[in-house]
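First up is the structure itself, then whatever we jot down about it.
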Amino acid sequence: MKAVRSEFACICLAALLLGGCAARLPQQTSQLSGAELKQAEERLSRFLSRSCVEAVDSDVRLTWRAYAQQETYPASVQAAAPALLRLSLNDPLGRPLFLLAADEKRFTLADNQKSQGYTGSTELRFVRRFLPTFIPVNDLFFWLSARVRPERMQAAAVRVDRDGGFWWHGGSPDGKTVHILALDAKNRLSRHLIADKQTDEILFEARYSDYLATTSDCAWPGRIELSGKSLEADYAIEFSEIFSFAPIDRQRFQITLPPHFTVKEMSDKD
């Protein structure tokens, strides 16, 4: 079962998924007020209200780093809002070694090397090792596309750090964590952190860079780096070639396992 968990950890990366090296909160010195505060609030409002794509079909490279080791996997990914995912980890010839399909409630994982299938709820403790409980499953596409649900940032406080950078702080439904955002000069998300409200400890961080043009107002992040205390490793997702941002048929996110596969229904006992 340990081998299955290791393989699934790699796959769950693109499903957001996903400790590693500890991140730190920015050195904050003061809250904004007056005209500067109004401008910062307007900037956040523009970021949250953009028109964005709702699906992606792409080749990616997934990198895993932990315990002084690093591995990179060629893969393909299709994803659609709010939480639809199809991810294939491939061999050097492009043949799928592992195939994962997931929606808002269930996942199916096919190990083509061992003719083994795994199915179960996306709320299992096993899955939540890679998609922390403080990240709702239905937020998956938001994290993948460098967006934030507007309700997460209602009544956000704005602070400026010692280097003059702005940070927007918003609450979470659980009341235990805080969302912290940084936007770049083009008003794109560069960092999204989730911190413990009481201790300020960084539980999860996504860094976004190398943005690509899309068919909507939002650019798409070409690279995502994931880290934080809640993760067992650091991860990176690089979108090596994007084929389309067009809508994807929901049936694409369903896997029918071959008749000769052995299928295991996962539970919280696994």
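Last residue of the sequence shown? That's 276 in the numbering used here, and every number before it is there in order. Every residue, glycine too, gets a C-beta built ideally from N, C-alpha and C.
Three-state secondary structure assigned by DSSP to residue i
| i | result |
| --- | --- |
| P80 | strand |
| K44 | helix |
| N193 | coil |
| L23 | Its pLDDT being 36, under 50, L23 is placed unreliably by the model, and nothing is read from it. |
| F259 | helix |
| P102 | strand |
| L50 | helix |
| L146 | helix |
| E271 | strand |
| E157 | helix |
| R92 | strand |
| V62 | strand |
| R168 | coil |
| R213 | strand |
| R112 | strand |
Whole-Å CB distance - residue i paired with residue j, under 8 Å assumed
| i | j | result |
| --- | --- | --- |
| A212 | I230 | 6 Å |
| L293 | A81 | Only positions 7 to 276 of the chain appear in the structure, and residue 293 is not among them; the question remains open. |
| E244 | G228 | 7 Å |
| P179 | A61 | Going by Cβ atoms, the distance from P179 to A61 rounds to 26 Å, so no, they are not a contact pair. |
Cβ-based burial, residue i [other Cβ within 10 Å; buried from 16]
| i | result |
| --- | --- |
| F132 | buried |
| A28 | For A28, the pLDDT reaches just 46, beneath the cut-off of 50, and the residue's location in the model is therefore unreliable, although a value from the coordinates is still provided. By the neighbour-count rule (16 or more Cβ atoms within 10 Å), A28 is not buried but exposed. |
| V269 | exposed |
| F251 | buried |
| T139 | exposed |
| G123 | buried |
| H198 | buried |
| R168 | exposed |
| A89 | buried |
| Q75 | exposed |
| A41 | exposed |
| Y73 | exposed |
| H266 | exposed |
| F259 | buried |
Residue i versus residue j: straight-line alpha-carbon distance, rounded
| i | j | result |
| --- | --- | --- |
| E271 | K192 | 46 Å |
| T183 | I208 | 10 Å |
| A86 | A225 | 16 Å |
| D65 | G100 | 11 Å |
| V330 | D145 | What the structure shows of the chain is the stretch from 7 to 276, and residue 330 is not part of that stretch, so it cannot be assessed. |
| Q37 | V166 | 6 Å |
| A161 | S151 | 23 Å |
| L240 | F136 | Looking at the sequence itself, residue 240 is Asp, so the reference to Leu does not match. If you take the alpha carbons of D240 and F136, they lie about 11 Å apart. |
| L43 | R56 | 20 Å |
| A46 | R92 | 37 Å |
| K120 | M159 | 45 Å |
| P156 | F53 | 9 Å |
| R282 | D274 | Residue 282 is absent from the structure shown; the chain starts at 7 and stops at 276. |
| A94 | S39 | Checking the sequence shown, residue 94 turns out to be Ser, not Ala. Those two C-alpha atoms are separated by around 48 Å. |
| N96 | E77 | 14 Å |
Reference residue i; option with closest CA among the options
| i | options | result |
| --- | --- | --- |
| T128 | P142, L54, F210, L150 | P142 |
| D63 | Q122, A72, F147 | F147 |
| R3 | L68, A46, S51 | With the chain running from 7 to 276 in the structure shown, residue 3 is simply not present. |
| E246 | Q45, L103, R67, L95 | Note that residue 246 is Ser in the sequence shown here, rather than Glu. The shortest C-alpha separation from S246 is found at R67. |
| D206 | A161, H175, E60 | H175 |
| G126 | K120, L106, N118, Q119 | L106 |
| F249 | S236, T221, C58 | T221 |
| D109 | F267, R256, D276 | R256 |
| V83 | R71, P102, R112, Y217 | P102 |
| S233 | E60, F113, R71, D190 | R71 |
| E48 | Y214, F172, T78, I200 | F172 |
| I261 | C58, D97, N96, T114 | T114 |
| I200 | S236, V59, D190, L189 | S236 |
| E214 | L130, A242, D202, S196 | Checking the sequence, you will find Tyr at residue 214 rather than Glu. When each option's Cα is compared against that of Y214, the closest is S196. |
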